[in-house]
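What the sequence shown shows, in my numbering, is residues 55 to 274, in sequence order.
For glycine and all other residues, C-beta sits at the position ideal for the given N, C-alpha and C.
What you are looking at is a predicted structure, and each value in this text was computed from that prediction instead of being measured.
Below is one structure, written out as structure tokens; the observations come after it.
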Amino acid sequence: IQMSIIWTGLVGAATAFSGAVIYANLPTRWTLGHVIPTVVHLQKSKLIKIDKEDSIDRKQLITGEEFLSKPSMVMAVRRPGCILCRREAAHLSELKGLLDQAGVRLVAVTHQTKGVDEFKPYFKGDIYLDTERTFYGPNERWLPVWMGMLRPGLYTSVSASKKEGLVGNLEGEGRLLGGVFFVDGQEMVWSHLEKEWGDKADVEEARRAIQKYMNDKKKQ
Numbered sequence: 055i056q057m058s059i060i061w062t063g064l065v066g067a068a069t070a071f072s073g074a075v076i077y078a079n080l081p082t083r084w085t086l087g088h089v090i091p092t093v094v095h096l097q098k099s100k101l102i103k104i105d106k107e108d109s110i111d112r113k114q115l116i117t118g119e120e121f122l123s124k125p126s127m128v129m130a131v132r133r134p135g136c137i138l139c140r141r142e143a144a145h146l147s148e149l150k151g152l153l154d155q156a157g158v159r160l161v162a163v164t165h166q167t168k169g170v171d172e173f174k175p176y177f178k179g180d181i182y183l184d185t186e187r188t189f190y191g192p193n194e195r196w197l198p199v200w201m202g203m204l205r206p207g208l209y210t211s212v213s214a215s216k217k218e219g220l221v222g223n224l225e226g227e228g229r230l231l232g233g234v235f236f237v238d239g240q241e242m243v244w245s246h247l248e249k250e251w252g253d254k255a256d257v258e259e260a261r262r263a264i265q266k267y268m269n270d271k272k273k274q
């Protein structure tokens, strides 16, 4: 009888674990949502430029409308200390020359200041504190730790980051998923919503969006 109870318990545990793995790997657009913010929403943000993470001047607050007054490609950073976020920042920075040609600035926002100083060498643009996490909405997508850890893509991305010589740490809040937004005026030209930890924007897709943007501008 005892062996039967043990066996039943093991089967139950295995079934529960299998169910958790399956659920964790469902598309996060189903489990967490996938609402791309409108430009109007982003313009409601309140931001502060971060020169140094330990000396934020909250009197220098600017509105999202002012922040987006020029064509911008904005990276909403999930966690500055994260090796995966640093990898995305480095890859997006490869587009800096093309963005300059297009008259588009490369900037980043973060919902936390911890780790920004060490993040800066990976990113070729200014970094701002999103005081109300507007760029992470309108529906914030928080990926639970257990779900994130059960997704194979995490380990593939970490391995790729280490092969590129990147380093990171585990400090700060890393559950709130970010994204990348290419905004011009009232138009969302191109966007990427992070689906899991390490789901970086496709740089070649972003490059094509920039080139199309430049071609469209020439036709005007």
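Item	Value
Would you call the CB atoms of Thr185 and Leu101 closer than 8 Å?	yes
Kindly indicate the opening and closing residues of the alpha helix (DSSP H) around Ala275.	Because the chain spans 55 through 274 in this model, residue 275 falls outside it and cannot be assessed.
Hey, how far is the Cα of Lys150 from the Cα of Pro198?	33 Å
Count the C-beta pairs between the segment 118-126 and the segment 89-106 that are closer than 8 Å, then say yes if the count reaches three, no if not.	yes
Tell me which same chain residues have a C-beta within less than 7 Å of the C-beta of Glu148, skipping the five on either side of it?	Val257
Let's test the definition: count the other Cβ atoms within 10 Å of the Cβ of Gly157 and tell me whether it reaches 16, buried, or not, exposed.	exposed
Buried or exposed: which applies to Met127, given that a residue is buried once 16 or more other Cβ atoms fall within 10 Å of its Cβ?	buried
Tell me the DSSP secondary structure of Arg195 in three-state form.	coil
Can you give me the C-alpha to C-alpha distance between Lys103 and His165, rounded to a whole angstrom?	12 Å
Pick helix, strand or coil for Ala130, following the three-state DSSP scheme.	strand
Between which two residues does the alpha helix (DSSP H) containing Trp84 stretch?	82-85
Gly118 lies in the alpha helix (DSSP H); which residues open and close that run?	118-121
My output table needs one value for Phe177: the three-state DSSP class, helix, strand or coil.	coil
Going by Cα to Cα distance, which pick from Cys139, Phe189, Arg195, Leu204 is closest to Gly169?	Cys139
Nearest to Leu146 by alpha carbon, out of Pro134, Phe177, Asp108, Ile110?	Phe177
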